[in-house]
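Enquirer: Chains as they are written, first to last, in numbering that gives the first Met the number 0: chain Y, 0 to 150; chain Z, 0 to 537. Starting off with a structure, shown below.
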Amino acid sequence: MTEIYLRLVDLILTPIIMLIAIMLFLRGHDLPGGGFIAGLVFAAAIELSILARGAEATRERYGPWLAPLIGVGLGVAVVAGLIGIYGGGFFRGMWVELYIGASKLKLGTPQLFDLGVMLVVIGMAITYLLRLSEAAEAATRTPTAGEGGQS
Amino acid sequence: MTLHPTVLALPVALPLIFGALGMLFQSARPPRRVRVQQAFTGIGLGANLVLALVLLIYALNGGRLAYQMGLWPAPFGISVYLDALTAIMLAMVGLLSVVIFPFALATIDAERARAGFFPMMLFLLMGANGAFITGDLFNLYVFYEVLLMSSFVMLTLGGTPSQINGGIRYVVLNLMGSMMLLLAAGITYGTLGTLNMAHIAVRMGQAPYLVQAVIAGLLLIAFGAKAATFPLFFWLPSSYHTPHPVVTAIFSGVLTKVGMYSMFRTFPLFFPWLLNDWQPMLMTVAGLTMVIGVLGAFAQPTIRRLLSFHIISQIGYMVMGLAVAMTPSAFGVGFGLALAILFLMHNQLVKTALLLGGGAVELEMGTGKLNELGGLVKQMPVQATLFLVAAFSLAGFPPTSGFIGKLGLLEVTFSAGQWVIAAVSIVVSLLTTMSMIRLWQYVFWGKPHRAQPLQHGRTPHQATLMTTAPVAILVALSLLIGVAAQPALDMVQVAANQAIDRAGYVQVVNPELTATDLKSLQTPPATSAVQTGADSGG
């Protein structure tokens with residue numbers, strides 16, 4: 000079955016990589032990062048859990064959410080464009096400033112669009128990775144056709 | 000009639016919204032999922048057609064629109080642009096997808112429907128619409144990628160080995176085309192410092208001839224690969240016969256035509272003088288595309304393989320029209336382009352009709368092999384008649400749209416003094432007639448072979464109505480263009496005049512340009528042999 004070390008790494012690293020992805024997303028407007036990269040990093044975190052737990056278990060956990068996630072992402076991206084119409088035109092950048100204590104948080108439609116991109120990329124990339132590992136697992140399983148495969 | 004420029008966001012936004020809504024139900028239980036997705040796709044396609052027709056009426060009345068995404072002013076932001084040429088393409092593709100929809104409802108099997116065929120139709124439409132309206136070279140590349148991805152998914156839905164094989168060839172060769180487009184965009188940005196098409200048009204004349212030639216050559220390769228011209232057509236016959244027949248029909252109406260449209264849009268706008276300088280090369284490409292396409296068709300063993308070679312052959316006529324677009328002739332400058340646009344419309348209608356008709360036969364009989372078919376005229380008399388009319392239209396018999404398109408193209412090439420290509424096109428027409436009659440004879444005439452069971456779940460009667468009506472509508476439209484030739488010619492004349500009106504394009508997209516910038520559009524560079532005085536319109 001799956002390796003204990005990989006499962007341990009998965010347990011520790013996957014949440015950290017997910018956090019890195021969210022951080023990359025948040026800093027993306029002014030600094031290197033952004034929705035596309037964040038989505039790929041997020042998918043990398045899931046790939047780690049595919050390696051540790053196998054594609055089947057991962058599909059059971061995330062599989063049903065993937066296609067709707069792509070739908071939500073596309074929807075969010077379009078809505079980000081439509082909000083702009085309120086400000087004069089499609090995709091017009093609109094900003095709100097939130098004050099939490101002393102720190103200022105600037106939120107805007109470009110970030111909302113980026114969020115949509117991130118969701119689409121996560122959905123697409125994980126679907127793709129799951130298909131690949133399912134095919135790879137099926138290919139490695141057939142020749143031995145049983146337990147006892149040594150590495 | 001006035002339209003707010005923001006409506007230009009809709010050709011992309013509408014299909015995207017309905018596609019996204021459909022994707023939300025991808026995890027629902029299969030029967031409900033498919034029903035909901037079919038409903039969303041139906042509404043989306045219908046709304047898109049209404050929108051496209053409104054835009055078409057607006058544009059044919061002389062209106063042109065430009066919208067700056069996010070209101071960033073023209074050379075910096077992404078512009079989208081609408082004129083009659085754009086509107087005609089939007090309307091044609093919108094119409095085709097609505098007409099194909101019932102055919103898809105009747106014949107798409109449960110497995111493909113569950114895998115998300117119907118939302119994918121909308122994403123394909125979004126890619127095509129985006130490529131039509133964009134006014135930015137890099138954005139054009141992006142929409143090509145959208146088209147490529149969604150068409151790749153549609154091509155491989157079902158996942159048989161032949162589909163994967165064809166899909167890989169399709170995606171690799173098309174990616175190479177896209178790379179060329181990206182390269183052209185990069186060189187354009189590096190030398191001219193802009194990607195906005197209006198801005199490129201202003202600056203192209205001042206660039207060295209070598210730079211112009213490199214950009215034009217790369218664009219020609221990129222769009223040629225998309226449009227399947229000689230020598231870049233190999234992906235088409237190796238992939239078009241593999242997917243579900245509906246998919247082939249959609250592709251033939253949309254994919255190659257987007258490549259052709261991009262040529263119609265960019266060449267007269269960026270470097271109209273090159274259309275004259277490079278005329279011998281363009282004529283060679285056109286002639287070889289026609290001849291090799293039609294000769295290839297004779298060797299094909301199945302309906303769809305044969306028809307996909309005819310797609311290539313017919314593309315040659317459009318390149319021929321483009322090649323004489325800027326040549327002065329008895330009909331005025333730009334008439335060649337007008338006829339090329341008319342021929343493109345005709346081809347979209349007729350080719351889709353033939354592929355749907357042939358696809359219906361293939362689904363009904365369980366095979367598309369010519370030597371296993373025969374005698375279907377008794378079994379499917381209506382389909383056989385429609386197929387014959389569409390075949391005659393493809394070959395160019397009166398009173399069909401093919402006759403008008405080919406006759407016009409012949410006249411304009413003769414009048415431009417290009418009698419070699421005119422002769423080639425006549426011979427190719429004859430060969431097309433022979434090939435289409437041979438196809439019809441194999442499939443519908445002769446002794447009937449044993450009937451195969453239906454390949455889909457509907458009752459024969461339901462399926463017959465839903466698969467015959469789309470073909471009938473398309474054939475009727477082809478006949479309509481043939482009978483009402485004058486209104487159709489007026490329409491494409493408006494489109495062609497706007498397409499070669501460079502100053503008009505630039506002014507609509509970027510109204511703050513100075514008078515000197517606009518003046519640079521009127522005077523051609525020194526290498527040009529012909530005045531681009533067509534800017535004032537014919």
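The C-beta atom is built at its ideal place from N, Cα and C for all residues, glycine as well.
Express the C-alpha separation of Gly445(Z) and Met317(Z) in angstroms, rounding to a whole number.
Expert: Counted from its first residue, the second sequence places residue 317(Z) at position 318. Counted from its first residue, the second sequence places residue 445(Z) at position 446. Rounded to the nearest angstrom, the two C-alpha atoms are 35 angstroms apart.
Enquirer: Would Ser26(Z) pass as an interface residue toward chain Y - the criterion being a Cβ-Cβ separation below 8 angstroms?
Expert: Translated into positions along the second sequence, residue 26(Z) becomes position 27. Yes, Ser26(Z) lies at the interface with chain Y (some Cβ there is under 8 angstroms from its Cβ).
Enquirer: Counting pairs of Cβ atoms below 8 angstroms between the segment 253–272 of chain Z and the segment 222–230 of chain Z, do you hit three or more?
Expert: Yes, the segment 253–272 of chain Z is in contact with the segment 222–230 of chain Z.
Enquirer: Compare the Cα-Cα distances from Gly503(Z) to each of Gly62(Z), Tyr57(Z), Ile56(Z) and Val474(Z) and report the closest residue.
Expert: The residue labelled residue 503(Z) in the question sits at position 504 within the second sequence. Gly503(Z) has its Cα closest to that of Gly62(Z), out of Gly62(Z), Tyr57(Z), Ile56(Z) and Val474(Z).
Enquirer: How is the beta strand (DSSP E) around Leu348(Z) delimited, first residue to last?
Expert: By one-based count along the second sequence, residue 348(Z) stands at place 349. Where Leu348(Z) is concerned, there is no enclosing beta strand (DSSP E), although the alpha helix (DSSP H) it sits in stretches over Phe334 to Met364.
Enquirer: Report the neighbours of Met364(Z) on chain Y: residues whose CB is nearer than 7 angstroms to its CB, in chain order.
Expert: Stepping through the second sequence from its first residue, residue 364(Z) is reached at position 365. By Cβ distance, chain Y contributes nothing, its closest Cβ being about 33 angstroms from Met364(Z), past 7 angstroms.
Enquirer: Using the three-state DSSP reduction, which class does Gly252(Z) fall into: helix, strand or coil?
Expert: As a first step, residue 252(Z) is located in the second sequence; it is residue number 253 there, counting from the start. It is helical.
Enquirer: Below 7 angstroms, is the gap between the Cβ of Ile49(Y) and the nearest heavy atom of the ligand SAM?
Expert: Questions concerning the ligand SAM fall outside what the structure shown contains, since it holds no ligand whatsoever.
Enquirer: Which residues share a DSSP beta bridge with Thr66(Z)?
Expert: Taking the second sequence and counting its residues from 1, one reaches residue 66(Z) at position 67. First, the residue type needs correcting, since residue 66(Z) is Tyr and not Thr in the sequence shown. Beta-bridge pairing links Tyr66(Z) to Val79(Z).
Enquirer: Counting only runs of 4+ residues fully inside the segment 388–451 of chain Z, write out the alpha helix (DSSP H) ranges in chain order.
Expert: You should have 400–414 and 418–443.
Enquirer: Using only the alpha-carbon positions, how far apart do Met125(Z) and Arg6(Y) sit?
Expert: Taking the first residue of the second sequence as position 1, residue 125(Z) is located at position 126. Taking the first residue of the first sequence as position 1, residue 6(Y) is located at position 7. Looking at the two C-alpha atoms, the distance is approximately 42 angstroms.
Enquirer: Quick check: is the beta carbon of Val95(Y) nearer than 8 angstroms to any beta carbon in chain Z?
Expert: Along the first sequence, one-based indexing puts residue 95(Y) at 96. Not one chain Z Cβ lies under 8 angstroms of Val95(Y).
Enquirer: Near Val323(Z), what residues of its chain come up, given a Cβ to Cβ distance below 7 angstroms and the 5 sequence neighbours on each side ignored?
Expert: Within the second sequence, the letter at position 324 stands for residue 323(Z). Once the five neighbours on either side are set aside, the close Cβ partners of Val323(Z) are Gly335, Val411, Thr412, Ala415 and Gln417.
Enquirer: Taking Leu473(Z) as the reference, give the member of Ala285(Z), Val508(Z), Met344(Z) and Trp439(Z) with the closest Cα.
Expert: Position 474 of the second sequence holds residue 473(Z). For the residues Ala285(Z), Val508(Z), Met344(Z) and Trp439(Z), the minimum Cα distance to Leu473(Z) belongs to Met344(Z).
Enquirer: Quick test of the definition: if touching needs 3 or more C-beta pairs under 8 angstroms, does the segment 127–139 of chain Z touch the segment 150–168 of chain Z?
Expert: With a cut-off of 8 angstroms, the segment 150–168 of chain Z and the segment 127–139 of chain Z do not count as touching, because too few Cβ pairs lie within range.
Enquirer: Does any C-beta atom of chain Y lie closer than 8 angstroms to the C-beta of Thr5(Z)?
Expert: Within the second sequence, numbered from 1, the residue matching residue 5(Z) stands at position 6. Yes, its Cβ sits closer than 8 angstroms to a Cβ of chain Y.
Enquirer: Does DSSP put Trp272(Z) in a helix, in a strand, or in coil?
Expert: Position 273 of the second sequence, counted from the start, is the residue given in the question as residue 272(Z). Residue state, collapsed to three classes: helix.
Enquirer: Distance, Cα to Cα, Val11(Z) vs Ala137(Y)?
Expert: One-based indexing of the second sequence puts residue 11(Z) at position 12. One-based indexing of the first sequence puts residue 137(Y) at position 138. Approximately 40 angstroms between the Cα atoms of the pair.
Enquirer: Compile a chain-ordered list of the residues in the segment 35–61 of chain Z whose CB is closer than 7 angstroms to at least one CB of chain Y.
Expert: Going along the segment 35–61 of chain Z in chain order, one finds no residue with a Cβ nearer than 7 angstroms to chain Y.
Enquirer: Kindly indicate which residue of Ser102(Y), Ala54(Y), Pro63(Y) and Ala101(Y) has the alpha-carbon position closest to the one of Leu23(Z).
Expert: Numbered from its first residue, the second sequence carries residue 23(Z) at position 24. Ranking the options by Cα distance to Leu23(Z), first place goes to Pro63(Y).
Enquirer: So, with DSSP's three-state summary, where would you put Leu453(Z)?
Expert: In the second sequence, residue 453(Z) corresponds to position 454, counting from 1. Low confidence applies to Leu453(Z): its pLDDT is 49, below 50, so where it sits in the model is not reliable enough to give any reading.
Enquirer: Quick one, which of Thr265(Z), Val171(Z), Thr190(Z) and Met289(Z) has its alpha-carbon nearest Leu430(Z)'s?
Expert: Numbered from its first residue, the second sequence carries residue 430(Z) at position 431. Considering only alpha carbons, the answer is Met289(Z).
Enquirer: Which chain Y residues are close to Gly69(Z), counting only those with a beta carbon under 7 angstroms from its beta carbon?
Expert: By 1-based counting over the second sequence, the position of residue 69(Z) is 70. Neighbours of Gly69(Z) on chain Y, chain order: Gly83, Gly88, Phe90, Arg91 and Gly92.
Enquirer: On the premise that Leu478(Z) lies in contact with Pro398(Z), defined as a C-beta separation below 8 angstroms, what is that separation, rounded to the nearest angstrom?
Expert: The count along the second sequence starts at 1 and reaches residue 398(Z) at position 399. The count along the second sequence starts at 1 and reaches residue 478(Z) at position 479. Between Leu478(Z) and Pro398(Z) the Cβ distance is about 7 angstroms, and since that is below 8 angstroms, they are a contact.
Enquirer: Would you call the segment 32–44 of chain Z in contact with the segment 108–119 of chain Z, where contact means no fewer than 3 C-beta pairs closer than 8 angstroms?
Expert: They touch, by the three-pair rule.
Enquirer: Per the DSSP calculation, Lys105(Y) is bridged to which residue(s)?
Expert: Translated into positions along the first sequence, residue 105(Y) becomes position 106. Answer by DSSP bridge pairing, in chain order: Glu96(Y).
Enquirer: Please report whether the beta-carbon of Met119(Z) lies at a distance below 8 angstroms from any beta-carbon of chain Y.
Expert: Within the second sequence, the letter at position 120 stands for residue 119(Z). Closer than 8 angstroms: no.
Enquirer: In or out: Val349(Z) buried (at least 16 other Cβ within 10 Å) or exposed?
Expert: Here residue 349(Z) corresponds to residue number 350 of the second sequence, with the count starting at 1. Buried, because 16 or more other Cβ atoms sit within 10 Å of the Cβ of Val349(Z).
Enquirer: Using 8 angstroms as the limit for Cβ to Cβ distance, is Ile125(Y) near chain Z?
Expert: Here residue 125(Y) corresponds to residue number 126 of the first sequence, with the count starting at 1. It does not: the Cβ of Ile125(Y) has no partner Cβ on chain Z nearer than 8 angstroms.
Enquirer: In this structure, how does DSSP classify Asp135(Z) when only helix, strand and coil are distinguished?
Expert: On the second sequence, residue 135(Z) is found 136 positions in, with the first residue counted as 1. Reduced to three states, the DSSP call for Asp135(Z) is strand.
Enquirer: Given a cut-off of 8 angstroms on the beta-carbon distance, is the pair Gly18(Z) and Leu65(Y) in contact?
Expert: In the second sequence, counting from the first residue as 1, residue 18(Z) sits at position 19. In the first sequence, counting from the first residue as 1, residue 65(Y) sits at position 66. No, they are not a contact pair.
Enquirer: What's the gap between the Cα of Ala390(Z) and the Cα of Val97(Z)?
Expert: Taking the second sequence and counting its residues from 1, one reaches residue 390(Z) at position 391. Taking the second sequence and counting its residues from 1, one reaches residue 97(Z) at position 98. Cα to Cα, Ala390(Z) sits roughly 22 angstroms from Val97(Z).
Enquirer: What do you get for Phe266(Z), buried or exposed, if any count of 16 or more other CB atoms within 10 angstroms of its CB means buried?
Expert: Translated into the one-based positions of the second sequence, residue 266(Z) becomes position 267. Buried: at least 16 other Cβ atoms inside 10 Å.
Enquirer: Tell whether a beta-carbon distance below 8 angstroms holds between Gly367(Z) and Thr301(Z).
Expert: Taking the second sequence and counting its residues from 1, one reaches residue 367(Z) at position 368. Taking the second sequence and counting its residues from 1, one reaches residue 301(Z) at position 302. Cβ atoms of Gly367(Z) and Thr301(Z): closer than 8 angstroms.
Enquirer: With a threshold of 16 other CB atoms inside 10 Å of the CB of Glu381(Z), please say whether the residue is buried or exposed.
Expert: Taking the second sequence and counting its residues from 1, the one referred to as residue 381(Z) is at position 382. The identity of residue 381(Z) in the sequence shown is Val, whereas the question assumes Glu. So Val381(Z) counts as exposed.
Enquirer: Could you give the distance in angstroms between the alpha-carbon of Pro510(Z) and the alpha-carbon of Gln205(Z)?
Expert: Looking up residue 510(Z) in the second sequence gives position 511. Looking up residue 205(Z) in the second sequence gives position 206. Near 20 angstroms, if we compare the C-alpha coordinates of Gln205(Z) and Pro510(Z).
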